[in-house]
Structures are given as C-alpha cells and as structure tokens.
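Student: According to the working numbering, the sequence shown is numbered sequentially starting from -15. Every residue, glycine too, gets a C-beta built ideally from N, C-alpha and C.
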Amino acid sequence: MTATIAWIALLEVSLVIELRSRRDGRHVASLPQIGAWVAIRVLGRVIFWMIWIFVGLHLFARYGIDR
C-alpha cells in the first residue's frame, strides 16, 4: 500500500513540475529538457537505463500476473 502511494505521489509531482514549466517556461525546465540535459553524457544515459530497469522490474514484480 505504501509503495503504491509513493508511485502515485511521484507521478503527481512530475505532473505538477511539467504543468508549471509549461505555464511559465522561464523559471522551471520541463521534464524533457531535464532528461535531455542529463542524457548528454554517457553516465546520465547509464543512470536512465538503470532507473528504467529498476522501475520496470519492480512494477512487473508487484503488479504482474499471479501464479
């Protein structure tokens, strides 16, 4: 239950950041701009892959098909 609430909170925070950046683009970078800035370097791409794998495996393990 706590993990589900944390995932929902993370999605809500990212949505708020994105909406704020689109409303007033001078002060807050949008999520694609932040992602592009991080992915410029190889280390940033490796970190993105590690996060993608971590989140994917945990969501699959939590919400996957029960046997």
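Once the 5 residues before and after SER14 are set aside, which same chain residues still bring their CB inside 7 Å of it?
Tutor: Excluding positions up to five away in sequence, the list reads GLU2, SER5, ARG6.
Student: From what residue to what residue does the alpha helix (DSSP H) around ILE1 run?
Tutor: -14 to 7
Student: Nearest to SER(-2) by alpha carbon, out of MET(-15), ALA(-13), VAL12, THR(-14)?
Tutor: VAL12
Student: Which of the three DSSP states, helix, strand or coil, is assigned to HIS42?
Tutor: helix
Student: Going by the CB atoms, is the gap between GLY19 and PHE32 shorter than 9 Å?
Tutor: yes
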